[in-house]
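Trainee:
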Amino acid sequence: MNDADAPQIACSAKSSAQSLSRQQQARRAFLRSLALIGGVLGLALSAYVPLLRDRLARLRPPGALNEADFLAACIKCGQCLQVCPVNAIRLGDIDEGFGIGVPYINARAQACDFSCDAIQCILACPTGALTYDKPDFLPVRSGAPLTAPPVLKAKIDDPENTLNLQERMGVARLARPEACLAVQGKGFRGSARGAAFKGKLRYTEVDRWKPIPIHEHPYDVPLCDLCVRTCPVADAIELRPRRGADGVERMTPEVLAACVGCGVCEMICPAEPAAIIIGAQAVWEGAT
Amino acid sequence: MKRQWLLLLGMLGMTPKKPQTIPAPVQEIMARKYADKAHFIEEKLRARAEQPVSHKWRNRRWAVLIIINLLFVISFWLDIQMLEGALTGSRFVGFHLIDLNAALQVMLAHKHIIVNLVIGSLTVFVLWVMLGGRSFCSWVCPYHLVSELAEKAHLALVHKKLVSEHEFHRGVRTLCWLLFAALSFLSGYTVFETLSPTGILSRALIYGPGLALAWVVVVVLFEIFYSRRAWCRYVCPIGLTYGVVGALSPTRIVFRVEQCFHEGDCRKVCLVPHVLDITIKGRADAEVMNLGPDCTRCGLCLDACPNGALQFDIKGLSSLL
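Top to bottom, those sequences are chains A and B.
Under my numbering, the final residue of the first sequence carries the number 288; numbering is consecutive throughout.
Under my numbering, the final residue of the second sequence carries the number 1321; numbering is consecutive throughout.
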């Protein structure tokens, strides 16, 4: 270590070059240590950036707390992912900042179709980030609570036919009505998303317990109503005649208050990109 | 009790001090050892010849570490539901296990604690109190293994004088622990989890690789080219959390000064060499001493010691056997 390039340290004539060098070393180690703390904390806090940029809200699994609470409560273990029968859940990567390791659903690729009946991911969550019963002190967003427990079509004849879900994950909306086959008055024939699509869905008429790949279940319908017929929740979406801007009445999918935002309609929609999509973490704002 | 307190301070960053007085029995041992210099050297060489450096504990430990992490992986991939989840939180045949540092962050950030979180944390707490606290680091943490390999590369480079060693103050880790805890509480986010190589690696093994691995690579490169075992030594709050848990653990490594030649091989291989300060000639002030809570019970010192001066010990049990 060169003594000359270090700042002058006042020292008595007694202290040797050796001890000066040791002093310098200690000083450098101290500065290095400060830099290490600063560096690590700076990097950790850079995880705020993706949040500040107000990225597209993620569709969280059913029963998720409000976003900020969810990120805080989630322990990033992926147990929810492991129990999902259709593998709808994925984990956030480091580019999501504090959302690293936090579960989300890409509905277009694989939606939650509630084929587990009991909402297994909520059951698996060890920290209550996904929960059946939200604690009273946590805020409830207006329009998020479901007015009645959602009735699962697959269980409709069971004595207990509802899902234990109090708040919606989001709300579906017809984002591109011009692309909707029903609006165009067209039918649909073939597999909804093509032969290569890997997404799965439970078809109760095929197998009550086992979801199958969508491409194994082709459709042939005179007027496309795939979103309505695959919706796992009763009375959440309907085809209704609706007068367009041109005054012509067309059958249009209409999302109803029972929509839980699971994303099956977005996944099944044969239009590319989907005509109907889920507003992730959106709340019910009344019929449109 | 005073010794326990000093060990705790040592873990928090205090540099170990020379004992002020050496008790008579230890003085006697030292005098006996060095009474006949020729005999001492002869003994030393004999010990070296008879017990060459082994990798017994390292191999056992690596096997355990790999098996535990593989158990997570195959539980998911083969859907055998044995050890579901990742290192931050899991279920072992149905029983909740929650990593204590992750649990702490969630509790501080979310400020609401549910029963399963308490059950899982308590189970893990009891488990690691029994097993030695920081033994989590060396026997379970996947980053520890990666870091050990990086350490080999680093030491080779230092040996060839291609890089120089940079040490930090060990108190950095204590400060990091406090700051990360404060940040969790104030921000409401599990801040440390974003950077935790333990969580990132565990999830990458189980759920597949992602961008986050790039951060782990950065940490590894830092350790290879700048500072030996920097993450585990100076930053990781998980290590400190488990260190505190294991402070009074019965599972520990003990040092018997009588068998020590004071050559320092153990300190050279140790992740936390300050715990082996007592192996320096004149530093031991009891015949049998435990290494303290910062010791990860990795066993590298046992492998390095030619004379069995360092041994695993289970308090109460070893004396019964």
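Cβ coordinates follow ideal geometry from the N, Cα and C atoms, glycine included.
1) I'd like the list of long-range same chain contacts for M267 (chain A), defined as Cβ closer than 7 Å, with 5 residues on each side in sequence excluded.
2) From the DSSP secondary-structure annotation, give me the bridge partner or partners of D1313 (chain B).
3) Would you say the stretch 1211 to 1229 of chain B touches the stretch 1107 to 1123 of chain B, given that touching needs at least three Cβ pairs under 8 Å?
4) Would you kindly check if the distance between the Cβ of I276 (chain A) and the Cβ of P253 (chain A) is under 8 Å?
5) Within this structure, are the beta carbons of P975 (chain B) and Q1051 (chain B) separated by less than 8 Å?
6) Give me the residue from B:A1103, B:S1135 and B:V1140 with the minimum Cα distance to L1122 (chain B).
7) Give a yes or no on whether 8 Å exceeds the smallest Cβ distance from V1235 (chain B) to chain A.
8) For G1199 (chain B), which three-state DSSP category applies?
9) Judging by CA-CA distance, which residue of A:D69, A:C121, A:C180 and A:T162 is the nearest neighbour of F1185 (chain B)?
10) Okay, do the stretch 1150 to 1160 of chain B and the stretch 1205 to 1215 of chain B touch, 3+ Cβ pairs below 8 Å being the bar?
11) Output needed in chain order: residues of the stretch 1059 to 1091 of chain B with a Cβ under 9 Å from some Cβ in chain A.
12) Identify every residue that forms a DSSP beta bridge with F188 (chain A).
13) What does the alpha-carbon distance come out to for the pair L1302 (chain B) and H215 (chain A)?
14) Do you know offhand how far L1257 (chain B)'s Cα is from E1028 (chain B)'s?
15) Could you list the residues in the stretch 1202 to 1228 of chain B with a C-beta less than 8 Å from some C-beta on chain A, going in chain order?
16) Compile a chain-ordered list of the residues in the stretch 93 to 106 of chain A whose CB is closer than 7 Å to at least one CB of chain B.
17) Within 8 Å, do at least three Cβ pairs link the stretch 1159 to 1172 of chain B to the stretch 24 to 32 of chain A?
18) Please confirm if R141 (chain A) has its CB atom under 8 Å from at least one CB of chain B.
19) List, in order along the chain, the chain A residues whose C-beta lies closer than 8 Å to that of V1124 (chain B)?
20) Looking at the strands, I want to know which residues DSSP matches up with A280 (chain A).
21) CB V255 (chain A) to CB I237 (chain A), shorter than 8 Å?
22) Is V1219 (chain B) helix, strand or coil when you go by DSSP?
23) Would you call the stretch 1115 to 1134 of chain B and the stretch 1185 to 1202 of chain B touching, i.e. three or more CB-CB distances under 8 Å?
24) Assign D1313 (chain B) to buried or exposed, taking buried as 16 or more other Cβ atoms, counted over all protein chains shown, within 10 Å of its Cβ.
25) For L45 (chain A) and F98 (chain A), which I take to be in contact (beta-carbon distance under 8 Å), what is that distance rounded to the nearest angstrom?
26) Should V1235 (chain B) go down as buried or exposed, given a rule of 16 or more other Cβ atoms within 10 Å for buried?
27) Please classify A1150 (chain B): does DSSP put it in a helix, a strand, or coil?
28) Along chain A, which residues have their Cβ under 9 Å away from the Cβ of N1116 (chain B)?
29) In whole angstroms, give me the CA-to-CA distance for E167 (chain A) and R193 (chain A).
30) Mind checking I9 (chain A): buried by the 16 CB within 10 Å criterion, or exposed?
31) Determine the DSSP secondary structure at R1229 (chain B), reduced to helix, strand or coil.
32) Give a yes or no on contact between the stretch 1282 to 1289 of chain B and the stretch 1018 to 1036 of chain B, applying the rule of three or more CB pairs nearer than 8 Å.
Mentor: With the structure as the only source:
1) If you ignore the 5 residues before and after M267 (chain A), its C-beta comes within less than 7 Å of the C-beta of A107, R108, Q110, A111 and G199, all in its own chain and listed in chain order.
2) B:R1252
3) no
4) yes
5) Chain B is shown from 1001 up to 1321; residue 975 (chain B) falls before or after that span and cannot be answered.
6) Residue B:A1103 is the option with its Cα nearest to L1122 (chain B).
7) yes
8) helix
9) For F1185 (chain B), the closest C-alpha among the options A:D69, A:C121, A:C180 and A:T162 is that of A:D69.
10) no
11) S1075, F1076, D1079, Q1081, E1084, G1085, A1086, L1087, T1088, G1089, S1090 and R1091
12) A:V221
13) 60 Å
14) The question names Leu, but residue 1257 (chain B) is Val in the sequence shown. Straight-line Cα distance between these residues: approximately 11 Å.
15) R1203, I1206, Y1207, G1210, L1211, A1212, A1214 and W1215
16) D93, I94, D95, G97, F98, I100 and G101
17) Taking a cut-off of 8 Å on C-beta distances, the stretch 24 to 32 of chain A touches the stretch 1159 to 1172 of chain B, as three or more cross pairs fall below it.
18) no
19) Here the premise fails: no neighbours, minimum Cβ distance about 11 Å.
20) A:G170
21) yes
22) In the three-state reduction of the DSSP assignment, V1219 (chain B) falls in the helix class, which pools H, G and I.
23) no
24) buried
25) 10 Å between Cβ atoms; not a contact.
26) buried
27) helix
28) C125, P126, T127 and G128
29) Cα to Cα, E167 (chain A) sits roughly 29 Å from R193 (chain A).
30) Reliability fails at I9 (chain A), whose pLDDT of 43 lies under 50, so the model's placement of it is uncertain and the value that follows must be treated cautiously. I9 (chain A) comes out exposed.
31) Residue state for R1229 (chain B) is assigned as coil, using DSSP reduced to three classes.
32) yes
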